[in-house]
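Student:
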Amino acid sequence: MNFDNSQPIWMQIYELILSRIASSEWAEGERIPSVRELGATLVVNPNTVMRTYERLTEENLIFNRRGIGYFVAEDAQHRAAAIARERFITEQLPQLFAKMKSIGITAEEILTLYNDYNNENK
Numbered sequence: 218m219n220f221d222n223s224q225p226i227w228m229q230i231y232e233l234i235l236s237r238i239a240s241s242e243w244a245e246g247e248r249i250p251s252v253r254e255l256g257a258t259l260v261v262n263p264n265t266v267m268r269t270y271e272r273l274t275e276e277n278l279i280f281n282r283r284g285i286g287y288f289v290a291e292d293a294q295h296r297a298a299a300i301a302r303e304r305f306i307t308e309q310l311p312q313l314f315a316k317m318k319s320i321g322i323t324a325e326e327i328l329t330l331y332n333d334y335n336n337e338n339k
């Protein structure tokens with residue numbers, strides 16, 4: 218994974234895991250990589266991964282079975298998708314709208330492009 222300097226590494230790992238849960242790549246009830254395993258895979262300090270896992274645990278997206286490992290929580294896919302959606306709406310859309318306004322792209326143009334994209338990717 219290539220990390221971006223604009224956001225803390227633990228938050229980028231959080232976004233990665235959130236995406237994997239929301240897309241069911243990591244299914245509910247499935248064991249996920251240990252803190253050390255994921256740290257080694259991503260080449261980051263395990264403490265960084267632990268911070269991410271603590272946040273995901275607080276949000277009831279994963280849970281720890283002592284001595285066994287971390288697992289994706291029940292109904293985590295739905296909650297992860299809702300969190301990702303809310304973050305997109307509050308963080309990314311305002312930036313997109315500002316960019317659209319600055320270069321003169323209208324909502325109608327975006328709707329046409331979006332519909333074309335959906336038709337091509339059925």
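Following the working numbering, the numbering of the sequence shown begins with 218 at its first residue and continues without gaps. C-beta: ideal position from N, C-alpha, C; glycine also. In this text the structure is predicted, and so the values were computed from the model without any measurement.
1. Assuming Ile-230 and Thr-269 form a contact by the criterion Cβ under 8 angstroms, report the distance between their Cβ atoms to the nearest whole angstrom.
2. Once DSSP output is grouped into helix, strand and coil, what is the label at Asn-262?
3. Where does Asn-222 sit, in a helix, a strand or coil, going by DSSP?
4. Who are the Cβ neighbours of Lys-339 in its own chain at under 6 angstroms, not counting the five residues just before and after it?
5. Name the DSSP beta bridge partners of Gly-286, please?
6. Considering Cα atoms alone, identify which of Val-266, Asn-264 and Ser-240 is closest to Arg-296.
7. In its own chain, which residues sit with a C-beta less than 7 angstroms from the C-beta of Ile-238, not counting the 5 before and 5 after it?
8. Since Arg-248 sits in a beta bridge, which residues does DSSP pair it with?
9. Considering Cα atoms alone, identify which of Val-261, Ile-320 and Ile-306 is closest to Met-218.
10. Might you give, ordered along the chain, the residues of its own chain that have their beta carbon closer than 7 angstroms to the beta carbon of Ile-226, omitting 5 neighbours on each side?
11. Quick check on Asn-277: does DSSP put it in helix, strand or coil?
12. Report, in whole angstroms, the separation of the C-beta atoms of Gly-286 and Arg-248, which I expect to be a contact under 8 angstroms.
Tutor: To lay it out plainly:
1. 4 angstroms
2. coil
3. coil
4. none
5. Arg-282
6. Ser-240
7. Leu-278, Val-289, Ala-293, Gln-294 and Ala-297
8. Phe-288
9. Val-261
10. Phe-220, Val-261 and Thr-265
11. coil
12. 5 angstroms
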